[in-house]
Amino acid sequence: MESAWSDKDIDYMQAALRAAERAAELGEVPVGAVVVQNDTVIASGSNRSIADSDASAHAEVVALRAAGKALGNHRMTSATLYVTLEPCIMCAGAIAQARVRRVVFAAYDKKAGALGSVEDLSDSKALNHHCEINGGLLEDQANELLKGFFQVRR
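Sequential numbering from 24 applies to the sequence shown in the numbering used here.
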């Protein structure tokens, strides 16, 4: 799954990490996401499940909703989604529905990851869209952010 990372990939993942830090400041699990199209960040999001009392308000879904509004279209066939944690099953479904071209994530989620860790929906016959998946970019930074967040809470 891992590939050679471009400088732009690193920059966009750093933007996603900043969004994750904002989530942590609000007491949310620190996951952040950005949607990039034509070398421009068109939307970002962070976990908002607690703030919004919405189980579906994961960083990926928040970012995809904002990107859809910015584009005036729910289809994002030329977009890349950068996210600090491997998407769950729900988010993988949203990514497929949005027709995202590529997903780049930082940390692998060995408990709920749906793009290779626990499940691999990136090649599932149940979904009618498949995108390029690249995992592990700035993984250590994302893992440290998550680890620090949960250490404070335990």
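Just so it is clear, CB atoms sit at the ideal spot from N, CA and C, and this is done for glycine as well. Computed from a predicted model, the values in this text were never measured in an experiment.
Taking the Cα positions, residue 38 is about 32 Å away from residue 149. Secondary structure note for residue 155: it is in no alpha helix (DSSP H), and the uninterrupted beta strand (DSSP E) holding it is 155-158. Relative to residue 67, the option among 60, 56, 159 and 76 whose CA is nearest is 56. Taking C-alpha positions only, residue 113 is separated from residue 144 by approximately 10 Å.
Look at the beta carbons and you see the segment 116-128 touching the segment 94-106: at least three pairs across the two are nearer than 8 Å. Take residue 103, set aside five residues on each side of it, and the residues of its chain with a beta-carbon closer than 8 Å to its own are 35, 58, 59, 60, 123, 124, 125, 126 and 127, in chain order. Selection 176, 106 and 76 evaluated against residue 32 yields 106 as nearest (Cα-Cα). Pairing residue 40 with residue 109, the inter-Cα distance amounts to about 13 Å. Residue 115 and residue 137 have their C-alpha atoms spaced approximately 7 Å apart. Checking the DSSP bridge columns, you'll see residue 128 partnered with 106 and 158. As the crow flies, the alpha-carbon of residue 69 is around 22 Å from that of residue 30. In this structure, residue 172 sits near residue 53, with a CB-CB distance shorter than 7 Å. With respect to the C-alpha of residue 176, the residue from 74, 159, 157 and 47 having the closest C-alpha is 47.
Counting along the chain, residue 69 sits inside no alpha helix (DSSP H); it lies in the beta strand (DSSP E) bounded by residues 63-69. In the DSSP assignment, residue 141 falls outside any alpha helix (DSSP H) and carries neither an H nor an E.
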